[in-house]
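Numbering (mature numbering (1 follows the signal peptide of the UniProt record, and there is no 0)), first residue to last: -31 to -1, 1 to 384.
What follows is the structure, given as structure tokens:
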């Protein structure tokens, strides 16, 4: 390092404001061939730091041993002492940085309060303004990650994106006011204007074009209700997911599966007979007015929601105007099963009764056969008795004739 002693008269020639080179009436100018300082107080305290560039009033003012820093703007990197590889462009950018390395701040007050945070990138007025110890953050846009203090590995792109984030980590926010209220939530992804706006402490959320809810945690939201009317997702049609479960959607657009475990149920009651109601439902064939993708109107089979609503209103999903919209066809299954079981039980009872009747009929048939046999035997016995009676009667007639003849002979002999 070369020291140059400049007399008072020289100070007058350079001007009273040239404090970057003069100190009091006789200043020591510390000049190093690899440092560049332009502006009053620029690189004022530098001792052994090298490859630094300071442009602006008090830029890199406190730097002593830090190297390879670039400060462009009044008070940029003002408090930097030993940190290296920082770039600050804008008034007071990286103002409070002391030992944080590899930071880039572009914009007035960008990374203003950063002290030891490293590997941060802030582009925009007040971007990462309050960051002190947080590292590996990227903020692009006015006020992006403005209140972040210790959160790390966050990425915010857009006006005031992740504005209130303080200690939340691994968040990605793209779009104006995206993840605006997030403070401590981690691993959130928000894409679009105001996406995830209301999330504060929730984590592991993915919000695309949806402002979300303050209670959201591990929630995926895509689009806003009423904003979109169709959804196309490639790679689903024609794909088979073995062992999967059926997915349902409610009127709010929430997707989910239908749980059946007793752990999730209460007020469990056996269904009463509803056969009369089921018989009132009218199965129909129909065609949708809107054509399919191939332009055809294929025949469909089902029920009419308005008709079902009159019989089973609980099986209907209604739209925002209170009109029947669709039918919970899956809820018909237990109703039909209940009736099928009742019909089966009735059939079993009837079969048992029929078997009993058949058994009784067989017994009666056996008894009737026995009676027939007895009747035949009795008839045969009666026939035998009748024959015996006829033979006896014949004998009696013969005897009677014999007696009459004998009597006649006696009378004749007496004459």
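Ideal placement from N, C-alpha and C gives every residue a C-beta, glycine not left out. Just so we're clear, the structure is a prediction, and the values are computed from it rather than from any experiment.
Within the model, the alpha-carbon separation for residue 202 versus residue 192 is close to 14 Å. DSSP places residue 306 inside the alpha helix (DSSP H), whose first and last residues are 298 to 383. Judged by their CB atoms, residue 95 and residue 115 are nearer to each other than the 7 Å cut-off. Per DSSP, the unbroken beta strand (DSSP E) holding residue 40 starts and ends at 39 to 41. Within the model, the alpha-carbon separation for residue 339 versus residue 322 is close to 25 Å. According to the DSSP assignment, residue 276 belongs to the alpha helix (DSSP H) that extends over 274 to 280. Partner residues in the beta bridge of residue 226, as assigned by DSSP, are 216. In this structure, DSSP gives residue 284 a helical state, which the three-state scheme calls helix.
Linking residue 307 to residue 167 through their CA atoms gives a straight-line distance of about 45 Å.
Around the beta carbon of residue 150, 16 or more other beta carbons sit within 10 angstroms, so the residue counts as buried.
Around the beta-carbon of residue 190, 16 or more other beta-carbon atoms lie within 10 Å, marking it buried.
When beta bridges are read from the DSSP output, residue 19 appears opposite no residue. Going by beta carbons, residue 5 and residue 22 fall inside the 7 Å limit. Per the coordinates, the alpha-carbon of residue 219 lies some 15 Å from the alpha-carbon of residue 188. The region 255 to 268 makes no contact with the region 234 to 246: fewer than 3 CB pairs, one atom from each, lie closer than 8 Å.
In this structure, the CA atom of residue 311 is about 11 Å from the CA atom of residue 304.
Taking C-beta separations shorter than 8 Å and ignoring five residues to either side along the sequence, the partners of residue 173 in its chain run 155, 156, 157, 186, 187, following chain order. Straight-line spacing of the CA atoms in residue 8 and residue 59 works out to 14 Å. Taking the Cβ atoms as the reference, residue 48 lies roughly 5 Å from residue 31, within the contact range of under 8 Å. For residue 244, the uninterrupted alpha helix (DSSP H) run begins and ends at 244 to 247, by DSSP.
Residue state for residue 232 is assigned as helix, using DSSP reduced to three classes. In this chain, the beta strand (DSSP E) harbouring residue 92 covers 90 to 92. Here the C-alpha atom of residue 358 lies approximately 14 Å from the C-alpha atom of residue 349. Judged by their CB atoms, residue 41 and residue 54 are not nearer to each other than the 7 Å cut-off.
A distance below 6 Å between beta-carbons, with the five flanking residues on each side excluded, links residue 44 to the following residues of its chain, in chain order: 27, 61, 64.
A direct Cα-Cα distance of roughly 12 Å separates residue 81 from residue 112. With contacts defined by Cβ atoms closer than 7 Å, residue 90 and residue 67 do not form a contacting pair. The C-alpha of residue 209 lies about 12 Å from the C-alpha of residue 215. Secondary structure of residue 24 (DSSP, three-state): strand. The straight-line gap separating the alpha-carbon atoms of residue 161 and residue 122 is approximately 20 Å. In the DSSP assignment, residue 7 falls within the unbroken beta strand (DSSP E) covering 5 to 7. In the structure shown, residue 202 adopts coil according to DSSP, grouped into three states.
For residue 87, no beta strand (DSSP E) encloses it, and the DSSP letter there is neither H nor E. About 10 Å separates the CB atoms of residue 138 and residue 117; that is not less than 8 Å, and the two are not in contact.
Between residue 369 and residue 337, the alpha-carbon positions lie close to 46 Å from each other.
For residue 190, the enclosing beta strand (DSSP E) begins and ends at 189 to 191.
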